[in-house]
Ligand code: SF4
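In our numbering, the protein residues as written are 183 to 810.
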């Protein structure tokens with residue numbers, strides 16, 4: 183086999199048993215990696231019958247057939263489990279050097295089950311694996327934990343995937359960190375790792391799987407490097423994801439004051455351009471990537487010192503701790519980014535949950551007494567910082583907010599649920615469906631809650647007609663339309679993004695529209711690495727298969743069409759900026775869902791996969807009584 187080791191490491195933390203499975207090439211061609219691979223194990227487990235924080239949940243850590251190859255955008259890892267935030271399937275990707283190093287350690291994936299009696303960490307190196315005591319690491323922040331592991335294993339180049347104190351405390355949106363600045367942030371995978379008493383996974387190795395056509399791979403790699411300075415993503419390298427803030431403002435799409443508006447008058451104070459001029463120390467990259475989009479910021483001689491060790495804020499972080507909360511203090515946002523990376527928490531859910539609490543405070547639902555004395559008016563960054571510490575430690579009011587905004591509102595009552603902005607309990611990222619209609623549909627139907635990287639947003643249909651034609655999409659539509667053609671666009675590009683996630687690829691480098699490499703380039707790459715003869719159609723089927731696996735898992739957890747709903751707040755008109763007065767039409771979304779389920783081959787009344795669709799995708803094994 184080319185591209186993969188053909189080895190999956192199974193770890194039973196309850197019994198300390200380790201074993202190696204060697205699936206055949208067919209398995210890799212069918213699922214390719216990522217959460218598609220992880221789901222094949224979750225669907226054979228009893229995870230859906232248990233609370234996500236019980237030992238029966240599986241935590242799957244998957245690479246793909248392309249991870250570790252010498253080309254931009256491939257060093258990513260997907261972590262999947264039943265989510266403690268959504269109770270549905272959880273799914274989260276991160277880049278860095280850990281993914282490539284895990285591949286070089288000799289494995290394509292690690293499947294973790296059970297719960298260790300006391301804190302442990304896993305050490306994987308050149309095909310070997312062992313479980314080690316982590317009692318001395320428990321309670322440490324991410325930088326201290328990484329330093330301690332590297333020192334005791336006497337190798338400074340070891341890559342560490344780990345939870346911080348927030349994961350240990352089972353904050354429902356705890357992340358899993360690598361490089362102390364790269365987060366598997368969404369859906370609370372850190373809390374699942376914490377519930378297993380697993381503090382970290384350390385990896386190091388020199389085992390590289392064979393490549394079918396190394397010369398063609400080299401050519402493709404060179405082509406990307408040569409095109410990058412003239413490409414659509416040059417600005418991403420210069421200003422990071424935060425460079426997009428100006429476009430969001432132009433469209434009226436920067437969520438502000440807990441989604442009451444799409445316009446933040448102080449946006450320039452927190453933009454990527456301002457960051458580059460003031461606190462940016464350097465740019466960083468993921469293994470073998472020419473783009474170098476990651477920010478590293480430093481603030482010295484300040485009451486809020488920020489260390490380069492914890493990277494720098496992305497667009498989502500700047501929005502969630504910034505405009506969501508009416509806060510334009512860049513130093514304070516960078517400090518809260520540091521806290522989240524140090525404690526191991528998702529910056530989107532953390533910032534958005536604080537924004538919800540601020541909205542409650544401004545509306546008299548929360549009093550200062552409820553909030554341990556904090557004056558949580560919009561823009562009070564000092565109070566936000568204190569709250570971030572409290573959430574990670576589950577101290578006082580932080581214990582309630584560590585549950586996420588939807589659960590917190592359910593417990594609080596007092597009408598606070600009307601102010602919640604979540605889908606399936608997951609807080610919305612900073613892309614507004616009020617100004618790009620298909621985003622609302624995909625937020626609603628996405629199996630792991632609202633996600634902005636699960637399909638191509640509306641403006642790309644008109645902006646990149648040649649690339650869209652590769653997917654059979656030939657009828658560009660305006661951004662604010664949600665007709666049949668737009669639904670088809672949303673679903674088809676969702677399959678494409680789902681394939682990218684199965685291949686664990688960075689969506690800034692590979693994709694169907696504005697990215698450095700097109701879908702046809704990707705076909706060439708997969709074939710060069712593996713020696714297969716796949717087409718764009720086969721890649722879309724891989725993506726479709728992953729979505730069906732996820733929906734099937736959710737069906738077992740009791741999810742139906744009734745859970746594919748947008749928050750009430752989106753149906754109320756926005757105020758201010760160019761999106762003033764815009765809102766989502768609930769009936770239009772319901773009609774779009776009918777079309778979407780029909781096109782997906784799912785039951786319109788339940789929104790779940792039908793047996794014939796599963797069979798068409800080669801997933802009929804799911805229906806076997808052995809796996810139900
Ligand atoms: S574009 Fe940025 S996030 Fe993506 S692989 Fe390159 S450096 Fe990493």
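Where is the CB? At the ideal position from N, CA and C, for every residue including glycine.
Problem - Start and end residues, alpha helix (DSSP H) containing residue 666 - result: In the chain shown, counting from the first residue as 1, residue 666 sits at position 484. Element bounds for residue 666: 666-684.
Practice task
Find out if the Cβ-Cβ distance for the pair residue 294, residue 240 is shorter than 8 angstroms.
Solution key: Your numbering for residue 294 matches position 112 in the chain shown. Your numbering for residue 240 matches position 58 in the chain shown. Taking 8 angstroms as the Cβ cut-off, residue 294 and residue 240 qualify as a contacting pair.
Handout entry: DSSP three-state assignment for residue 784, whether helix, strand or coil
Key = Taking the chain shown and counting its residues from 1, the one referred to as residue 784 is at position 602. Strand at residue 784.
Practice task
Measure the beta-carbon distance from residue 222 to residue 686 and round it to whole angstroms, keeping in mind my assumption that it falls under 8 angstroms.
Solution key: Translated into the one-based positions of the chain shown, residue 222 becomes position 40. Translated into the one-based positions of the chain shown, residue 686 becomes position 504. Wrong, their Cβ atoms sit about 15 angstroms apart, outside the cutoff.
Problem - Endpoints, alpha helix (DSSP H) assigned at residue 649 - result: Mapped onto the chain shown, residue 649 falls at position 467. Start and end: 647-651.
Handout entry: Bridge partners - residue 253, DSSP secondary structure assignment
Key = The residue labelled residue 253 in the question sits at position 71 within the chain shown. BP columns for residue 253 are empty, so no partner.
Exercise for the section: Can you tell me which of the three DSSP states residue 400 falls into? Expected result: Stepping through the chain shown from its first residue, residue 400 is reached at position 218. In the structure shown, residue 400 sits in a helix (DSSP, three-state: H, G or I).
Handout entry: Proximity of residue 517 and residue 556 at Cβ, strictly below 8 angstroms
Key = Within the chain shown, residue 517 is the residue found at index 335, counting from 1. Within the chain shown, residue 556 is the residue found at index 374, counting from 1. Against a cut-off of 8 angstroms, the Cβ pair of residue 556 and residue 517 comes out as no contact.
Practice task
May I ask you to verify whether the region 564-579 touches the region 293-312, counting CB pairs closer than 8 angstroms and requiring at least 3?
Solution key: no
Practice task
Name the one or two DSSP bridge partners that residue 699 has.
Solution key: Walking along the chain shown from the start, residue 699 turns up at place 517. Paired residue(s): 692.
Practice task
Starting from residue 244, trace the beta strand (DSSP E) both ways and give me its first and last residue.
Solution key: Reading the chain shown from its first residue, position 62 is the one you call residue 244. Counting along the chain, the beta strand (DSSP E) containing residue 244 begins and ends at 241-244.
Handout entry: Cα-Cα separation between residue 598 and residue 324, rounded to whole angstroms
Key = Here residue 598 is taken as the residue at index 416 of the chain shown, counted from 1. Here residue 324 is taken as the residue at index 142 of the chain shown, counted from 1. Rounded to the nearest angstrom, the two C-alpha atoms are 34 angstroms apart.
Practice task
Evaluate contact between the region 311-323 and the region 545-559, counting only Cβ atoms and requiring at least three cross-stretch pairs below 8 angstroms.
Solution key: no
Handout entry: Within-8 angstroms CB hit, residue 467 to chain B
Key = Structure shown: chain B not included; a single protein chain is present.
Handout entry: N- and C-terminal bounds of the alpha helix (DSSP H) containing residue 589
Key = Taking the first residue of the chain shown as 1, we reach residue 589 at position 407. Run containing residue 589: 587-594, per the alpha helix (DSSP H) assignment.
Exercise for the section: Give a single yes or no on whether residue 474 has its beta carbon closer than 7 angstroms to a heavy atom of ligand 1. Expected result: On the chain shown, residue 474 is found 292 positions in, with the first residue counted as 1. Indeed, a heavy atom of ligand 1 lies less than 7 angstroms from the Cβ.
Exercise for the section: Tell me, please, whether the region 426-440 touches the region 399-409 by the rule of three or more beta-carbon pairs shorter than 8 angstroms. Expected result: no
Handout entry: Buried/exposed call for residue 193, threshold 16 Cβ in 10 Å
Key = The residue you call residue 193 lines up with position 11 of the chain shown. Buried: at least 16 other Cβ atoms inside 10 Å.
Practice task
Check each candidate in 580, 274 and 642 and name the one with the smallest Cα separation from residue 653.
Solution key: Locating residue 653 in the chain shown gives position 471, where the first residue counts as 1. Here the closest residue by C-alpha is 642.
Practice task
Compute the minimum distance between the beta carbon of residue 277 and the heavy atoms of ligand 1, and state whether it is under 7 angstroms.
Solution key: Within the chain shown, the letter at position 95 stands for residue 277. Because some heavy atom of ligand 1 lies under 7 angstroms away, the Cβ of residue 277 counts as near it: yes.
Exercise for the section: With hydrogens ignored, establish whether the beta-carbon of residue 690 is closer than 7 angstroms to any heavy atom of ligand 1. Expected result: Position 508 of the chain shown holds residue 690. Yes, the beta carbon of residue 690 sits closer than 7 angstroms to at least one heavy atom of ligand 1.
Practice task
Helix, strand or coil for residue 716, going by three-state DSSP, please let me know.
Solution key: Here residue 716 corresponds to residue number 534 of the chain shown, with the count starting at 1. In this structure, residue 716 counts as coil in the three-state DSSP scheme.
Problem - Simplified DSSP assignment, three categories, for residue 387 - result: As a first step, residue 387 is located in the chain shown; it is residue number 205 there, counting from the start. Three-state DSSP puts residue 387 in coil, outside helix and strand.
Problem - Beta carbon of residue 207 nearer than 8 angstroms to that of residue 190 - result: In the chain shown, counting from the first residue as 1, residue 207 sits at position 25. In the chain shown, counting from the first residue as 1, residue 190 sits at position 8. Not closer than 8 angstroms, so no.
Exercise for the section: Using beta-carbon positions only, say whether residue 255 and residue 364 come within less than 8 angstroms of one another. Expected result: On the chain shown, residue 255 is found 73 positions in, with the first residue counted as 1. On the chain shown, residue 364 is found 182 positions in, with the first residue counted as 1. In this structure, residue 364 does not lie closer than 8 angstroms to residue 255 by Cβ.
Problem - Check: residue 426 C-beta below 7 angstroms from any heavy atom of ligand 1 - result: For the purposes of this step, residue 426 is identified with residue 244 of the chain shown, where counting begins at 1. Checking the Cβ of residue 426 against ligand 1 gives no.
Handout entry: Minimum C-alpha distance to residue 680 - residue among 648, 710 and 633
Key = Counting from 1 along the chain shown, the entry for residue 680 is found at position 498. For the residues 648, 710 and 633, the minimum Cα distance to residue 680 belongs to 633.
Handout entry: Option in 727, 682, 696 and 690 with minimal Cα separation from residue 705
Key = Here residue 705 refers to the residue found at position 523 when the chain shown is read from its first residue. Selected option, being the one with the closest Cα: 682.
Handout entry: Beta bridge counterpart(s) of residue 272 as assigned by DSSP
Key = Counting from 1 along the chain shown, the entry for residue 272 is found at position 90. According to DSSP, which records beta bridges pairwise, residue 272 is partnered with 263.
Handout entry: Extent of the continuous alpha helix (DSSP H) to which residue 571 belongs
Key = Position 389 of the chain shown, counting from 1, holds the residue named residue 571. Counting along the chain, the alpha helix (DSSP H) containing residue 571 begins and ends at 563-575.
Problem - Member of 619, 313 and 350 whose CA lies at the smallest distance from the CA of residue 197 - result: For the purposes of this step, residue 197 is taken as residue 15 along the chain shown, with counting starting at 1. Among 619, 313 and 350, the Cα nearest to that of residue 197 is on 313.
Problem - Near ligand 1: residue 532 beta-carbon under 7 angstroms from a heavy atom - result: Counting from one through the chain shown, the residue named residue 532 turns up at place 350. Checking the Cβ of residue 532 against ligand 1 gives no.
Exercise for the section: Grab the span of the beta strand (DSSP E) containing residue 359 for me, first residue to last. Expected result: Here residue 359 is taken as the residue at index 177 of the chain shown, counted from 1. That run of the beta strand (DSSP E) goes 358-360.
Practice task
Can you check the region 594-655 for any beta strand (DSSP E) of at least 3 residues that lies completely inside it and give the ranges in chain order?
Solution key: none
Handout entry: Sufficient close CB pairs (3 or more, under 8 angstroms) joining the region 576-588 to the region 623-637
Key = no
Practice task
Would you kindly report the start and end of the unbroken beta strand (DSSP E) that includes residue 311?
Solution key: Along the chain shown, read from residue 1 onward, the residue named residue 311 stands at position 129. Taken as a continuous stretch (DSSP letters only), the beta strand (DSSP E) holding residue 311 covers 310-315.
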